[in-house]
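For the record, in the sequence shown the residue sitting at position 97 is 95 according to this note's numbering, with numbers rising by one throughout. Every residue gets a Cβ at the ideal spot worked out from N, C-alpha and C, and that includes glycine. Just so we're clear, the structure is a prediction, and the values are computed from it rather than from any experiment. Below: the structure, in structure tokens.
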Amino acid sequence: MMIRLEEFESIVGMVQNLRAECAYEHLVKFRSIHPQLLDLCRRIDALEHVVARACIDLTNLETAVETAENELGKCSTVSDRLFGILNPLSLFKSRNSEVSIASSSGLTSSPRRMPHRIDLPPIYRTEDAFKTMQ
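Spelled out as structure tokens, the structure:
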């Protein structure tokens, strides 16, 4: 029984030595790549900032588009937008043909509106998030 206990103790000792060597090797590798890992973390943080800024810009742009559509009286519902996109004939119609059809049918066309001044939302710039080293 004592022999088996000594065998088990020697096996446990070998495993502990191997574990210590393996851990030491991994610690050395980790210390050597630590600066690269920190740089990667900074780049990931910058990318997360870019994604968050893009989300904010997209939300602002969608709000501006909806506001402009409401002011100009364009398609207001999703089905109207989809119909306009999916209707291939609407791409080939000219403004003059619509006016001539309206005048020939006896309908008076609405007076032309002066184009509104639309303030563009601020847009993301790459230089804001990534500092280029030259």
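The straight-line gap separating the alpha-carbon atoms of TYR22 and MET12 is approximately 15 Å.
In the structure shown, the three-state DSSP call for MET(-1) is coil. Annotation: GLU60 to VAL48 spans about 18 Å, alpha carbon to alpha carbon. Judged by DSSP in its simplified three-state form, GLY11 adopts helix. In the three-state DSSP reduction, ARG115 falls in the coil class, being neither helix nor strand.
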